[in-house]
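Last residue of the sequence shown? That's 133 in our numbering, and every number before it is there in order.
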Amino acid sequence: MTEATMKKERPKQRPKHLDLLVIKQPAPAIASVLHRLSGAGLFLMLPLLIFLFELSLDSSLGFAMFKAFVGYPLVKLILIGLLWAFLHHVFMGIRILLSDLNIGTDIKPGQASAKAVIIISLVLTAILGAKLW
1 MTEATMKKER
11 PKQRPKHLDL
21 LVIKQPAPAI
31 ASVLHRLSGA
41 GLFLMLPLLI
51 FLFELSLDSS
61 LGFAMFKAFV
71 GYPLVKLILI
81 GLLWAFLHHV
91 FMGIRILLSD
101 LNIGTDIKPG
111 QASAKAVIII
121 SLVLTAILGA
131 KLW
């Protein structure tokens with residue numbers, strides 16, 4: 001019996017159930033999922049951002065209402081979340097553009113750039129969020 005026929009007779013063992021919440025995902029997969037979530041979050045919160053922008057430009061009374069509305073802690077948390085979504089989406093978009101140019105597509109640079117995107121977006125969010133708060 002040849003090796004080729006042995007491989008045909010014995011099928012490759014594959015997992016029967018893949019629980020994505022249990023499997024440890026690599027950094028590029030996490031960054032990719034966060035990129036999609038941040039884009040969806042930015043899109044869904046666009047009406048709020050447009051409303052706040054319009055309110056701030058309306059008049060001096062509108063700007064006072066804007067300042068009062070943005071002063072609530074829950075609104076500040078939402079805005080900090082949107083800030084993170086924006087920063088992560090931008091930096092991950094740059095990473096994706098570089099990978100489209102075949103820069104950093106090997107395993108080690110790909111993992112390092114995904115980790116860098118996550119860390120940079122979190123650090124900048126903490127810095128800018130502290131200024132916002």
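All residues carry an ideal CB built from backbone N, CA and C; glycine is no exception.
Compute the distance between the beta-carbons of residue i and residue j, then report whether it is under 8 angstroms.
{"i": "residue 91", "j": "residue 120", "result": "yes"}
{"i": "residue 62", "j": "residue 55", "result": "yes"}
{"i": "residue 89", "j": "residue 21", "result": "no"}
Return the CA-CA distance between residue i and residue j, expressed in angstroms with no decimal places.
{"i": "residue 29", "j": "residue 122", "result": "17 angstroms"}
{"i": "residue 67", "j": "residue 116", "result": "34 angstroms"}
{"i": "residue 40", "j": "residue 118", "result": "17 angstroms"}
{"i": "residue 50", "j": "residue 132", "result": "18 angstroms"}
{"i": "residue 65", "j": "residue 58", "result": "10 angstroms"}
{"i": "residue 31", "j": "residue 60", "result": "41 angstroms"}
{"i": "residue 37", "j": "residue 13", "result": "33 angstroms"}
{"i": "residue 100", "j": "residue 125", "result": "26 angstroms"}
{"i": "residue 44", "j": "residue 26", "result": "27 angstroms"}
{"i": "residue 34", "j": "residue 70", "result": "26 angstroms"}
{"i": "residue 72", "j": "residue 98", "result": "39 angstroms"}
{"i": "residue 76", "j": "residue 83", "result": "10 angstroms"}
{"i": "residue 105", "j": "residue 19", "result": "27 angstroms"}
{"i": "residue 109", "j": "residue 127", "result": "26 angstroms"}
What is the DSSP secondary structure of residue i, counted as helix, strand or coil?
{"i": "residue 133", "result": "coil"}
{"i": "residue 25", "result": "coil"}
{"i": "residue 110", "result": "helix"}
{"i": "residue 100", "result": "helix"}
{"i": "residue 105", "result": "coil"}
{"i": "residue 92", "result": "helix"}
{"i": "residue 36", "result": "helix"}
{"i": "residue 18", "result": "coil"}
Going by C-alpha distance, which of the options is nearest residue i?
{"i": "residue 113", "options": "80, 95 and 23", "result": "95"}
{"i": "residue 80", "options": "23, 19, 47 and 130", "result": "130"}
{"i": "residue 78", "options": "46, 111 and 103", "result": "46"}
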